[in-house]
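Numbering (the UniProt record's numbering), first residue to last: 1 to 342.
Listed below in structure tokens is the structure:
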């Protein structure tokens, strides 16, 4: 069976990544591409690297006939996404890539994103889209809220360790580097080549980053008590990739054993041999996440490092993984491509 797919926000980076992934999918066909700002253009005009694909033109959302669509990916900006999704047919399956449905508490959403939630009915039914930990809920869901790419990386490291009780919950430091595509395709002065290249910098320092809302929500629920991590993201002059270095208090051997056991049957999470550290160059363009554990020179402390591609496993690949579950397709379909190297 072939499922008809729509992508809203198809002219952004995550939209292009969805098109790339779905073009190799055996059970999905792209029926509609919504991109209000580039409506009327062909995919070759928006993304020359996709010109070989036979795809519909970019149109406004209002022009799409959703009665012909089985599942819609929504890759629109925060706030815009909730307004659009609230107006979509109630029987339409949706995977949202924005932040609009990630936080279960509307007050928390307003705290982190600065405006009241405008689609409370839809927010109440949304399932958090971290596939490996919400698989069965996602399979039965109508609306899935994709995680933040930074939030996904940190959770792959910390969720099993918090659940197993092998680390001190008051001693967690997450130092994360993210490539520039994580900031989206819109023109921004600070992302110009001359402003960004040949250096990198911390941002949202001291607890201002919005993905902390996801960390607080998920880690506290796992632990049954408030968990607050120290988190500092850094913008690096690279196109793709996230490298998260986490400093924890706990026995390195137990931490490694816990991660190996937690991900033994997961197709996309690779725990490296003890003492090896991952690199973004080894997961680029793929849906894989590599995790490494190294014992610190200070006894009883460990360093856990995770690498993933922010556009694939951190966003569009995760979205496709979830859509496969929602449509009763093999979870790995369209996602087993090897990383790009060099």
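Glycine included, every Cβ here is placed at the ideal spot set by N, Cα and C.
For the set 240, 295, 259 and 247, the Cα lying nearest the Cα of residue 279 is the one of 240. Residue environment: residue 82 is assigned as buried (16 or more neighbouring CB atoms within 10 Å of its CB, all protein chains considered). Taken atom to atom, the span from the alpha-carbon of residue 120 to that of residue 85 is near 11 Å. Between residue 72 and residue 126, the C-beta spacing is not below 8 Å.
Residue 292 sits in a strand when the DSSP states are folded into three classes. Under the DSSP assignment, residue 1 falls outside any alpha helix (DSSP H); it carries neither an H nor an E label. If you ignore the 5 residues before and after residue 109, its C-beta comes within less than 7 Å of the C-beta of 103 and 117, all in its own chain and listed in chain order. Boundaries for residue 313: no alpha helix (DSSP H) harbours it, and the DSSP string shows neither H nor E there. For the region 167-240, the full-length beta strand (DSSP E) segments reaching 3 residues or more read 172-179 and 230-236 along the chain.
Apart from the 5 residues on each side of it in sequence, residue 274 sits with its Cβ closer than 7 Å to the Cβ of 256 and 293 in its chain, given in chain order.
Straight-line spacing of the CA atoms in residue 51 and residue 44 works out to 4 Å. Per DSSP, reduced to three states, the secondary structure at residue 66 is helical. Judged by their CB atoms, residue 340 and residue 17 are not nearer to each other than the 8 Å cut-off. With a cutoff of 8 Å on beta-carbon distance, residue 303 and residue 247 are scored as near each other. If you look at residue 34, you'll find it isn't in any alpha helix (DSSP H); it sits in the beta strand (DSSP E) that goes 28-34. For residue 245, the enclosing beta strand (DSSP E) stretches over residues 242-249.
At the C-beta level, residue 295 and residue 323 stay beyond 8 Å of one another. Apart from the 5 residues on each side of it in sequence, residue 14 sits with its Cβ closer than 6 Å to the Cβ of 75, 97, 315 and 316 in its chain, given in chain order. For residue 93, the three-state secondary structure derived from DSSP is strand.
The region 168-178 and the region 216-232 touch, with no fewer than 3 CB-CB distances between them shorter than 8 Å. Rounded to the nearest angstrom, the Cβ distance from residue 99 to residue 78 is 5 Å, consistent with a contact under 8 Å.
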